[in-house]
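Have a look at the structure below before the remarks.
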Amino acid sequence: MKKGILIFVIAFIVLVLWYVVSYNDLVSAEETVSKQWANVESQYQRRADLIPNLVATVKGYASHESETLEGVLAARAKATQVTVDAGSLTPEKLQEYQAAQGGLSAALGRLLMITENYPDLKANQNFLELQAQLEGTENRIQVERSRYNEITGSFNTVIRRFPKNIIASLSGFERKPYFEAEAESRKAPNVAF
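Following this line, the structure appears as structure tokens:
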């Protein structure tokens, strides 16, 4: 009888230890996703911080383009108002966040298009530096989004695999959404020469 109880106690202890270790692994994986989400947000914030300087520089040369300039500032305001906590990141919230950032990207695209009409602006050193910083930031955003998707993929795989899927389910761990391409970017552009 004592041997049976000892085996049961040892098995119970092993099971509890396995649960604790697995749970801690899941917590670490989820924190890694949260950290990477913060990196994505940091790059979007960097872009938002560059915009007032860019708009001010363009305004000095193209003051009658006020509608475009106001559109950029409005898109920036909307993009910075939409915030998503990594802990409550759902596909819907990520889509809302992406839509706000996409609106800002479109407004910036319009702003940079009007600069083609102003040769003096294109030669302005401050504008060129801001444009280079903006381009670098867009590249960083893409890198951080890709990293986020990789880390999210790893997390989602871990919580779906047996036996950790049992612990994930019992502990409330849920799949994290991925960044996805916007609908317009899925269509091939029509390039005519």
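Taking my numbering, the leading residue of the sequence shown gets 308, the next gets one more, and so forth. Ideal Cβ placement from N, Cα and C applies to all residues, glycine included. Owing to the predicted nature of the structure, the values given are computational and were not obtained by experimental measurement.
Same chain, Cβ closer than 6 angstroms to Gln438, neighbours up to 5 away in sequence not counted: Taking the sequence shown and counting its residues from 1, the one referred to as residue 438 is at position 131. Closer than 6 angstroms at Cβ, skipping near neighbours: no residue.
Contact between the region 451–471 and the region 409–424 (3+ Cβ pairs under 8 angstroms): No, the region 451–471 does not touch the region 409–424.
Cα-Cα separation, Ile448 to Gln350: By one-based count along the sequence shown, residue 448 stands at place 141. By one-based count along the sequence shown, residue 350 stands at place 43. The alpha-carbon of Ile448 is positioned some 6 angstroms away from that of Gln350.
Check: Asn431 C-beta below 7 angstroms from any heavy atom of the ligand GDP: As presented, the structure is devoid of all ligands, the ligand GDP included, so that no description of it is given.
Where the alpha helix (DSSP H) containing Phe319 begins and where it ends: As a position in the sequence shown, residue 319 is number 12, starting the count at 1. Element bounds for Phe319: Lys309 to Tyr368.
Buried versus exposed, by CB contacts within 10 Å (16 or more), Ala407: Residue 407 sits at position 100 when you count from the first residue of the sequence shown. Looking at its Cβ environment, which holds 16 or more other Cβ atoms inside 10 Å, Ala407 is buried.
Straight-line gap, Glu374 to Ile473 (C-alpha atoms, nearest Å): Counting from one through the sequence shown, the residue named residue 374 turns up at place 67. Counting from one through the sequence shown, the residue named residue 473 turns up at place 166. Their Cα atoms are separated by approximately 55 angstroms.
Chain-order list of residues whose beta-carbon lies under 7 angstroms from that of Pro484 (same chain, five-residue window excluded): Counted from its first residue, the sequence shown places residue 484 at position 177. Leu396, Thr397, Pro398 and Leu401.
Status (buried if at least 16 other CB within 10 Å, exposed otherwise) for Asn331: Taking the first residue of the sequence shown as position 1, residue 331 is located at position 24. Under a 10 Å Cβ-count criterion, Asn331 is classified as exposed, with fewer than 16 other Cβ atoms of the shown protein chains found around its own Cβ.
Rounded straight-line distance, which links the Cα of Trp325 to that of Ile317: The residue you call residue 317 lines up with position 10 of the sequence shown. The residue you call residue 325 lines up with position 18 of the sequence shown. The straight-line gap from Cα to Cα measures roughly 12 angstroms.
Residue nearest to Phe404 in terms of C-alpha spacing, selected from Ala475, Ala382, Leu415 and Arg417: Taking the sequence shown and counting its residues from 1, the one referred to as residue 404 is at position 97. For the sequence presented, residue 404 should be read as Tyr rather than Phe. Checking every option, the nearest Cα to that of Tyr404 belongs to Ala382.
Rounded straight-line distance, which links the Cα of Thr364 to that of Val391: Within the sequence shown, residue 391 is the residue found at index 84, counting from 1. Within the sequence shown, residue 364 is the residue found at index 57, counting from 1. Spanning the two alpha carbons is a distance of roughly 31 angstroms.
Cutoff 8 angstroms; reference Ser478; Cβ partners in own chain excluding five residues on either side: Walking along the sequence shown from the start, residue 478 turns up at place 171. Taken in chain order, the residues that qualify are Tyr330 and Leu333.
CB of Leu553 within 8 angstroms of CB of Gln440, strictly: Outside the shown range of the chain (308 to 500) lies residue 553, about which nothing can therefore be said.
Span of the alpha helix (DSSP H), counted from its first residue to its last, around Pro426: Your numbering for residue 426 matches position 119 in the sequence shown. First-last of the alpha helix (DSSP H) with Pro426: Pro426 to Ala430.
Check whether Ala345 and Ala386 have beta carbons under 8 angstroms apart: Counting from 1 along the sequence shown, the entry for residue 345 is found at position 38. Counting from 1 along the sequence shown, the entry for residue 386 is found at position 79. No, the pair does not count as a contact, with Cβ atoms beyond the cut-off.
Alpha carbon of Asn456 to alpha carbon of Phe315, nearest angstrom: Numbered from its first residue, the sequence shown carries residue 456 at position 149. Numbered from its first residue, the sequence shown carries residue 315 at position 8. Straight-line spacing of the CA atoms in Asn456 and Phe315 works out to 43 angstroms.
Alpha-carbon to alpha-carbon, Pro426 and Glu337: Counting from 1 along the sequence shown, the entry for residue 337 is found at position 30. Counting from 1 along the sequence shown, the entry for residue 426 is found at position 119. Rounded to the nearest angstrom, the two C-alpha atoms are 49 angstroms apart.
Lys483 (DSSP reduced to helix, strand or coil): In the sequence shown, counting from the first residue as 1, residue 483 sits at position 176. Three-state result, Lys483: coil.
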